[in-house]
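In the UniProt record's numbering, the protein residues as written are 1 to 603.
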């Protein structure tokens, strides 16, 4: 089927209302993202449906069509009242679209915004409904990966999960070899952000984050710059103030940053049932110790901001009012798929800048599925092909490069080799090593801020040819922010490094049983360099350094062969520096003098 009216209105934001798309008459625009527009429509029998249509500039991209096709194939696996079905799709037409059942209910975030946090009974009902949905989704070998309040519609008090735009499937890896679309940062599990393997535990993390929002009325990891939110996510430091103390330990445990530290899904469900009966969840699960309340340098603290947001209210056409009570179309046979967005009351086109680009947060279907083996559904290796373009060289209109960091190789081996070079240089040329580490952190943080800025720009406006020039113009500002953050972020690693040097020197004396501590020796200096590197990597504000470092390493060694050669060169360099230090016998403090004079004479 093809559209009978193809001209856009309103500056190319989508098809005009009352246009015909195949056999469907568009009634009202529900929402839009950078890649697609979602409409309320009527089928030939007058039943309400939701249609997601690719934008004209995206419709010409084969990758976008392939991703839309994979969404249909992905969600056809799932049949559940908790996940609304697909009705129709046209992937090959001039304006590709998919049609899903209209779900007459608002998103959870709108419910909480309008009525406040849920009480114990409603929270239990929400938690049980989402648990049922996740069981069906996981039994279908699918991982949603982006469970959040905007992707949960509330119909008569029960949840319906929507928007599988960045879901994982078990048998096709073709569509994410060059990167994945990013979801909402505060509701993406840490392993998704870091590009680590995902599993069913990833969705249960999203379950806990969604319930935490419903119970408190605010995002569990706060609002603000993406870097600040992701830092809190990586630290496992949610803000659960206002959450019922009887269920808060369950949510806190389920939001652990490491999947193996989270309670098993069966324990989560048992704890929820125990909570519903008036018991304490601590009778069922083990409570993890609270994360230290650290503040990432250079980012604002978690703040509870007003829940209001700018919306464009549109009058509901008479036909739309009647649709709220219209029965859903009955499908005799066909795949089950994601539901369309809510319409009642007064749907409004709105998107948080950090929302997933392929569909509005209110519930438009979106995106594609990606393969993963079995129930452990891991990321494929996602190695970039030899000679593949960097994120900055990507075609500006390609949706594949919305956020090139997600789902890409972590290059942990290369980073370990870099750490070895740092340790060797710390022992032999400490001042050079410290300067090099500081410069690296500046470059890595600047890179992360630049890529994040590009991601947010594309989330808000869609890919444009001006994206890279704008990023270049903004680079001095990103560099300044990177310098400031790196200087303040270096204070803790420097303190830890100096303390480690003297502790190691004292330990050497204790082992030998005589002599005076020698902090100027190679061993203590190497130990201090190791501590400095680890503290910079995992300490406050380290999330930005980690993301930027991985982006830089992937840019230097884009393919598997280049990565292996780069690692080998780093190992050889570390060995050569260490050998030179051993031969020389003591470190060189060039271009300065020895800060503490060598041997310490203790009483």
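Yeah, the Cβ is synthetic: ideal placement off N, Cα and C, and Gly gets one too. Computed from a predicted model, the values in this text were never measured in an experiment.
What is the DSSP secondary structure of residue 142, counted as helix, strand or coil? As a first step, residue 142 must be located in the chain shown, where it is residue number 142. DSSP places residue 142 in coil when its eight states are reduced to three.
State the DSSP-derived secondary structure class of residue 224, mapped to helix, strand or coil. To locate residue 224, count along the chain shown from 1; it is residue 224. Three-state result, residue 224: coil.
Cα separation between residue 145 and residue 151? By 1-based counting over the chain shown, the position of residue 145 is 145. By 1-based counting over the chain shown, the position of residue 151 is 151. Spanning the two alpha carbons is a distance of roughly 11 Å.
Tell me the rounded alpha-carbon separation between residue 484 and residue 282. Position 484 of the chain shown holds residue 484. Position 282 of the chain shown holds residue 282. Straight-line Cα distance between these residues: approximately 43 Å.
Does DSSP classify residue 32 as helix, strand or coil? Within the chain shown, residue 32 is the residue found at index 32, counting from 1. The answer is strand: DSSP assigns residue 32 an E or B state.
Between which residues of its own chain and residue 265 is the CB-CB distance below 7 Å, once the five residues before and five after are set aside? In the chain shown, counting from the first residue as 1, residue 265 sits at position 265. The residues are 200 and 204.
C-beta contact flag for residue 99 and residue 86 at 8 Å: Numbered from 1 along the chain shown, position 99 holds the residue referred to as residue 99. Numbered from 1 along the chain shown, position 86 holds the residue referred to as residue 86. Yes.
For residue 469, name the three-state secondary structure that DSSP assigns. On the chain shown, position 469 is the one that residue 469 refers to. Looking at residue 469 - three-state DSSP - the assignment turns out to be helix.
For residue 42, three-class secondary structure by DSSP: For the purposes of this step, residue 42 is identified with residue 42 of the chain shown, where counting begins at 1. In this structure, residue 42 counts as strand in the three-state DSSP scheme.
From 527, 30, 78 and 90, residue whose alpha carbon lies closest to that of residue 59: Position 59 of the chain shown, counted from the start, is the residue given in the question as residue 59. Among 527, 30, 78 and 90, the Cα nearest to that of residue 59 belongs to 90.
Could you check the C-alpha separation between residue 450 and residue 569 for me, to the nearest Å? In the chain shown, counting from the first residue as 1, residue 450 sits at position 450. In the chain shown, counting from the first residue as 1, residue 569 sits at position 569. Using only the alpha carbons, I get a separation of about 28 Å.
Would you mind working out which of 547, 128 and 21 sits nearest residue 272, comparing C-alpha positions? Your numbering for residue 272 matches position 272 in the chain shown. Measuring from the Cα of residue 272, the nearest candidate turns out to be 128.
With three or more C-beta pairs closer than 8 Å as the rule, is the stretch 488-502 touching the stretch 522-538? yes
By Cβ distance, which residues of its chain are closer than 6 Å to residue 280, with the 5 residues on each side in sequence left out? Along the chain shown, one-based indexing puts residue 280 at 280. These residues qualify, in order along the chain: 246.
At what residues does the beta strand (DSSP E) containing residue 152 begin and finish? The residue you call residue 152 lines up with position 152 of the chain shown. Unbroken beta strand (DSSP E) run through residue 152: 152-155.
Would you identify the three-state DSSP class for residue 592, choosing helix, strand or coil? One-based indexing of the chain shown puts residue 592 at position 592. Residue 592 falls in the coil class under three-state DSSP.
Shortest alpha-carbon distance to residue 197 belongs to which of 232, 241 and 260? The residue you call residue 197 lines up with position 197 of the chain shown. Selected option, being the one with the closest Cα: 260.
Do you know whose CA, among 455, 286, 235 and 274, lies nearest residue 249's CA? On the chain shown, residue 249 is found 249 positions in, with the first residue counted as 1. Taking only the C-alpha atoms, the option nearest residue 249 is 286.
From the DSSP secondary-structure annotation, give me the bridge partner or partners of residue 282. In the chain shown, counting from the first residue as 1, residue 282 sits at position 282. For residue 282, which the question treats as bridged, DSSP gives no partner whatsoever.
Can at least three beta-carbon pairs, one atom from the stretch 561-576 and one from the stretch 415-427, be found at a separation below 8 Å? yes
What does residue 261 pair with, by DSSP beta-bridge criteria? Sequence index remark: in the chain shown, residue 261 carries index 261 (1-based). Paired residues: none, contrary to the question.
Could you tell me the distance, in whole angstroms, from the CA atom of residue 186 to the CA atom of residue 108? Your numbering for residue 186 matches position 186 in the chain shown. Your numbering for residue 108 matches position 108 in the chain shown. Roughly 16 Å separates the two Cα atoms.
Exposure of residue 584, with buried meaning 16 or more beta-carbon neighbours within 10 Å: Counted from its first residue, the chain shown places residue 584 at position 584. When all chains shown are included, residue 584 counts as exposed.
My output table needs one value for residue 433: the three-state DSSP class, helix, strand or coil. For the purposes of this step, residue 433 is identified with residue 433 of the chain shown, where counting begins at 1. Correct three-state label for residue 433: helix.
For residue 51, which of helix, strand or coil comes out of DSSP? Here residue 51 corresponds to residue number 51 of the chain shown, with the count starting at 1. Residue 51 falls in the strand class under three-state DSSP.
Reducing DSSP to helix, strand and coil, say where residue 524 ends up. Mapped onto the chain shown, residue 524 falls at position 524. Helix.
Any idea what DSSP makes of residue 243, helix, strand or coil? Indexing the chain shown from 1 puts residue 243 at position 243. Of the three classes helix, strand and coil, the one that applies to residue 243 here is coil, per DSSP.
Is the Cβ-Cβ distance between residue 23 and residue 43 less than 8 Å? Within the chain shown, residue 23 is the residue found at index 23, counting from 1. Within the chain shown, residue 43 is the residue found at index 43, counting from 1. Cβ atoms of residue 23 and residue 43: closer than 8 Å.
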